[in-house]
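S.K.: The structure that follows is given in the form of structure tokens.
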Ligand code: ZN
């Protein structure tokens with residue numbers, strides 16, 4: 083099996099200080115959490131940013147501060163969210179690509195998301211795919227159900243997403259596929275040969291989906307975006323804590339963990355010539 087790529091998603095769009103006092107919200111807190119997670123074994127940092135009130139923002143200056151702070155300290159791959167929150171406009175979402183990150187999320191379809199609706203219209207997705215392609219940004223194709231995989235493949239057929247594809251399966255969100263072994267297997271069997279994949283289990287499903295992914299040859303994402311609990315009834319105090327648990331589990335299960343440079347190779351990422359959010 084290839085080495086295991088661990089993504090850390092420290093903040094997300096929805097976790098607040100009311101949920102947990104430990105979620106990093108300021109640029110410094112987010113960057114420090116990503117750096118601590120890199121030290122623990124994470125190869126990718128998935129970034130959402132917040133304004134001074136702790137609310138979701140798509141302000142490029144705030145993203146840039148996180149990028150600069152992280153890149154001062156380590157070579158972790160940065161994967162910027164192009165989703166933001168459910169209220170974020172298409173223009174704001176597309177603008178994130180201007181930061182030229184090495185990787186960005188590509189949410190491959192619309193769905194009910196908790197009590198809201200997550201809009202990803204066909205025309206928006208084509209624009210986003212074009213933008214990532216033009217700027218040599220690796221799209222992380224997030225699929226919350228099997229239909230989204232085929233949605234992405236339809237856009238790829240138009241020449242807007244290039245192989246090899248990298249998928250992130252998101253299981254256990256209210257409105258998406260439940261986090262079951264059968265659903266994960268179905269997702270894995272639905273992607274083209276040569277693709278890479280990772281999986282997220284929302285909230286209490288984080289560790290079980292992570293464990294299945296390690297065994298099946300996929301990759302994993304952890305962090306307070308997905309779960310604030312380390313185990314039942316116990317809040318995680320740091321994001322690195324989740325990463326450390328995965329490193330230990332991977333070791334127990336005989337899977338080596340990838341460095342950021344190894345992750346770039348596994349994901350067939352092209353070197354970026356000029357980059358702000360890319361490698362230093
Ligand atoms: Zn996210």
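Residue numbers (this note's numbering): 83 to 362.
The beta-carbon is built from N, C-alpha and C at its ideal position, and this holds for glycine as well.
Predicted model only: the values in this text are computed from it and were never measured.
Can you determine whether any heavy atom of ligand 1 sits closer than 6 Å to the C-beta of residue 170, and answer yes or no?
M.R.: Position 88 of the chain shown, counting from 1, holds the residue named residue 170. Because no heavy atom of ligand 1 lies under 6 Å away, the Cβ of residue 170 does not count as near it: no.
S.K.: Anyone know if the C-beta pair for residue 165 and residue 133 falls short of 7 Å?
M.R.: What you label residue 165 is simply residue 83 of the chain shown in a count that begins at 1. What you label residue 133 is simply residue 51 of the chain shown in a count that begins at 1. No, the pair does not count as a contact, with Cβ atoms beyond the cut-off.
S.K.: Less than 7 Å between the beta carbons of residue 308 and residue 288, yes or no?
M.R.: Residue 308 sits at position 226 when you count from the first residue of the chain shown. Residue 288 sits at position 206 when you count from the first residue of the chain shown. Yes. Within cutoff.
S.K.: Measure from the C-beta of residue 106 to each C-beta in chain E and report whether the shortest distance is under 7 Å.
M.R.: The structure shown contains no chain E; it is built from a single protein chain.
S.K.: Buried or exposed: which applies to residue 335, given that a residue is buried once 16 or more other Cβ atoms fall within 10 Å of its Cβ?
M.R.: On the chain shown, position 253 is the one that residue 335 refers to. By the 10 Å Cβ count, residue 335 comes out exposed.
S.K.: Are the beta-carbon atoms belonging to residue 295 and residue 281 less than 7 Å from one another?
M.R.: Sequence index remark: in the chain shown, residue 295 carries index 213 (1-based). Sequence index remark: in the chain shown, residue 281 carries index 199 (1-based). Contact flag set, yes.
S.K.: Does the distance from the C-beta atom of residue 123 to that of residue 302 stay below 7 Å?
M.R.: Taking the first residue of the chain shown as position 1, residue 123 is located at position 41. Taking the first residue of the chain shown as position 1, residue 302 is located at position 220. No, Cβ-Cβ distance for residue 123 and residue 302 is not below 7 Å.
S.K.: Which partner residues of residue 138 appear in the DSSP bridge assignment?
M.R.: Stepping through the chain shown from its first residue, residue 138 is reached at position 56. For residue 138, which the question treats as bridged, DSSP gives the partners 132.
S.K.: According to the neighbour-count rule (16 or more other Cβ atoms, all chains shown, within 10 Å of its Cβ), is residue 241 buried or exposed?
M.R.: By 1-based counting over the chain shown, the position of residue 241 is 159. Classification of residue 241: exposed, given that the 10 Å Cβ count is below 16.
S.K.: For residue 206, which of 137, 153, 174 and 292 has the nearest alpha-carbon?
M.R.: Walking along the chain shown from the start, residue 206 turns up at place 124. That would be 174, whose Cα lies nearest to the Cα of residue 206.
S.K.: Do residue 250 and residue 213 have their CB atoms nearer than 7 Å?
M.R.: Position 168 of the chain shown holds residue 250. Position 131 of the chain shown holds residue 213. No, the Cβ-Cβ distance between residue 250 and residue 213 is not below 7 Å.
S.K.: Which residues share a DSSP beta bridge with residue 224?
M.R.: Here residue 224 refers to the residue found at position 142 when the chain shown is read from its first residue. Answer by DSSP bridge pairing, in chain order: 189 and 250.
S.K.: For ligand 1, any of its heavy atoms closer than 6 Å to the Cβ of residue 98?
M.R.: The sequence position of residue 98 within the chain shown is 16, counting from 1. No, Cβ of residue 98 sits at least 6 Å from all heavy atoms of ligand 1.
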